[in-house]
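Numbering (this note's numbering), first residue to last: 19 to 247.
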């Protein structure tokens with residue numbers, strides 16, 4: 019099963035290539051905000067932000083001087099007239115269109131997550147200035163040097179994996195997760211067999227039961243063959 023921060027459009031080809039479209043196959047997208055059956059698209063978990071949350075995030079992004087976009091199930095929306103290059107990068111990466119909309123035009127949108135996106139040095143400075151209250155209200159994690167993701171509170175890969183494991187009648191010992199970045203932490207913390215890529219975040223390796231090979235060395239396949247099959 020794939021668990022990703024991307025929307026479903028961003029992993030559709032992977033699901034096809036890996037033949038994960040059969041009954042009993044699932045996908046976790048938007049860092050745990052959406053869990054679906056891949057064969058039918060039936061939603062098991064679907065979480066979204068309130069319009070007021072979006073407004074608060076939009077205001078904070080302008081105060082901090084970073085670009086921001088909001089993502090729905092069908093598109094990327096930004097109120098930045100000068101669209102940031104990382105918003106364009108995200109659009110290409112996940113195969114979703116970009117729309118320019120003012121904050122007032124976003125009231126009827128079902129926003130799954132918001133992202134602060136900017137040059138790593140600019141984003142790091144901004145992160146240091148995010149009020150503690152925001153961490154109390156939202157799930158916030160850094161998924162790349164230029165991406166900070168903001169979701170509804172208690173929405174993350176870990177909660178999604180836990181819910182799905184319970185639905186399928188699996189114990190913790192019967193679960194394994196493979197990750198490499200900070201947005202994988204909650205997922206790695208809830209499974210019985212956490213695996214981190216050799217080229218993964220050094221901090222994540224501290225909670226790993228196993229370290230697999232790098233991405234370039236087919237580390238995911240190596241982990242499955244070594245500790246599952």
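By construction, the Cβ of each residue, glycine as well, lies at the ideal position given by its N, Cα and C atoms.
In chain order, what residues of the same chain have a beta carbon less than 6 Å from the beta carbon of residue 271, not counting five sequence neighbours either side?
Since the first and last residues shown for the chain are 19 and 247, residue 271 lies out of range.
The alpha helix (DSSP H) spanning residue 177 covers which residue range?
175-186
So, is residue 36 buried or exposed, given that buried needs 16 or more other C-beta atoms within 10 angstroms?
exposed
Shortest alpha-carbon distance to residue 98 belongs to which of 106, 138, 40?
106
How big is the Cα-Cα spacing for residue 128 and residue 174?
18 Å
From the DSSP output, read off the bridge partner residues of residue 157.
169
Three-state secondary structure assigned by DSSP to residue 220:
helix
To test your reading of the DSSP string, which unbroken beta strand (DSSP E) runs of 3 or more residues are found completely within the region 52-80?
52-55, 61-64
Whole-angstrom Cβ separation of residue 178 and residue 193, contact assumed at under 8 Å?
The pair is not a contact, with the Cβ atoms about 12 Å apart (cut-off 8 Å).
Residue 212, DSSP secondary structure in three states:
strand
Name the DSSP beta bridge partners of residue 134, please?
86, 166
Would you identify the three-state DSSP class for residue 94, choosing helix, strand or coil?
strand
Using alpha carbons as the reference points, say which of 83, 176, 88 lies closest to residue 138.
83
Residue 29 - DSSP class collapsed to helix/strand/coil:
coil
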